[in-house]
Amino acid sequence: MAGFSETLIKNHFTLYQGYVTNTNKLMDTLSTMLKEGKTATPEYAELKRRMGFEFNGMRLHEYYFENLGGKTLIDKAGKFAKKVAEAFGSYEAWEQDFKATGAMRGIGWVVLYQDKMTGGLFNQWINEHETGHFAGCTPILVMDVFEHAFMIDYGLKRVDYIAAFFKNINWEVADKRI
Numbered sequence: 079m080a081g082f083s084e085t086l087i088k089n090h091f092t093l094y095q096g097y098v099t100n101t102n103k104l105m106d107t108l109s110t111m112l113k114e115g116k117t118a119t120p121e122y123a124e125l126k127r128r129m130g131f132e133f134n135g136m137r138l139h140e141y142y143f144e145n146l147g148g149k150t151l152i153d154k155a156g157k158f159a160k161k162v163a164e165a166f167g168s169y170e171a172w173e174q175d176f177k178a179t180g181a182m183r184g185i186g187w188v189v190l191y192q193d194k195m196t197g198g199l200f201n202q203w204i205n206e207h208e209t210g211h212f213a214g215c216t217p218i219l220v221m222d223v224f225e226h227a228f229m230i231d232y233g234l235k236r237v238d239y240i241a242a243f244f245k246n247i248n249w250e251v252a253d254k255r256i
């Protein structure tokens, strides 16, 4: 992908594999503890809390990887562009808000969500993996803005990474998710 070095991608997949491994270990351990009747323990409680971090770290990376790899510009007459234009007044206004959210100080994710109840769209900052998700909403477009996502190639130039991200969005995936 243009703007993403092989080293950056390999590191990203290595981190992702850690989330998959830890999610599987936690599921096994929690299942064992349930069978053994060890649910009223501090260890069980802490593992349950940790599950959100590991699982969402895994799942958000899957959304992120899936919505990358595009080779074409957005079709402004397509489903995605039309929906964000309706929600934000124009495609350009949505893009400005998404990029501005990604450029905020801190670590986390930017997610364009669609509210299942209203159909409404909004960009949301997710701090960590398990904090800030909106109940009943579907991730449509996910951008990783943890340092590992850009520091190797861009150093502190997060805005340049965001520009590269936009050049690599698979708009067909975004169309299907909306």
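Counting from 1, position 142 in the sequence shown corresponds to residue 220 in the working numbering; the numbering is continuous, with no gaps. We put the beta carbon where it would ideally sit given N, CA and C, even for glycine.
Exercise for the section: Give a yes or no on contact between the segment 83-101 and the segment 159-175, applying the rule of three or more CB pairs nearer than 8 Å. Expected result: no
Practice task
Might you give, ordered along the chain, the residues of its own chain that have their beta carbon closer than 7 Å to the beta carbon of V162, omitting 5 neighbours on each side?
Solution key: As a working mapping, residue 162 is identified with position 84 in the sequence shown. So the qualifying residues of the chain are Y169, W172, L199.
Exercise for the section: Measure the alpha-carbon distance for N134 versus P217 and round it to whole angstroms. Expected result: Indexing the sequence shown from 1 puts residue 134 at position 56. Indexing the sequence shown from 1 puts residue 217 at position 139. In a straight line, the C-alpha of N134 is about 12 Å away from that of P217.
Practice task
Output the boundary residues of the beta strand (DSSP E) element that contains V188.
Solution key: Taking the sequence shown and counting its residues from 1, one reaches residue 188 at position 110. Element bounds for V188: 187-193.
Practice task
Given a cut-off of 7 Å, decide if V188 and M136 are closer than it, judged by their beta-carbon atoms.
Solution key: Position 58 of the sequence shown, counted from the start, is the residue given in the question as residue 136. Position 110 of the sequence shown, counted from the start, is the residue given in the question as residue 188. No. Outside cutoff.
Practice task
Would you give the residue range spanned by the beta strand (DSSP E) that V220 belongs to?
Solution key: As a first step, residue 220 must be located in the sequence shown, where it is residue number 142. Segment 215-222, the beta strand (DSSP E) holding V220.
Practice task
Quick one: grab the DSSP three-state call for F212.
Solution key: As a first step, residue 212 is located in the sequence shown; it is residue number 134 there, counting from the start. The answer is coil: DSSP assigns F212 none of H, G, I, E or B.
Exercise for the section: On a CA-only basis, which of N248, D175, K126, T196 is nearest V237? Give me that one, please. Expected result: Counted from its first residue, the sequence shown places residue 237 at position 159. Looking at the Cα atoms, D175 is the closest of the given residues.
Practice task
Compare the beta carbon distance of L219 and L190 with 7 Å and say whether it is the shorter of the two.
Solution key: The residue you call residue 219 lines up with position 141 of the sequence shown. The residue you call residue 190 lines up with position 112 of the sequence shown. Yes, Cβ-Cβ distance for L219 and L190 is below 7 Å.
Exercise for the section: Measure from the alpha carbon of S109 to the alpha carbon of each residue in K126, W203, F82, then state which is nearest. Expected result: On the sequence shown, residue 109 is found 31 positions in, with the first residue counted as 1. Of the candidates K126, W203, F82, the one whose C-alpha sits nearest the C-alpha of S109 is K126.
Exercise for the section: With DSSP as the reference, label L86 as helix, strand or coil. Expected result: What you label residue 86 is simply residue 8 of the sequence shown in a count that begins at 1. Helix.
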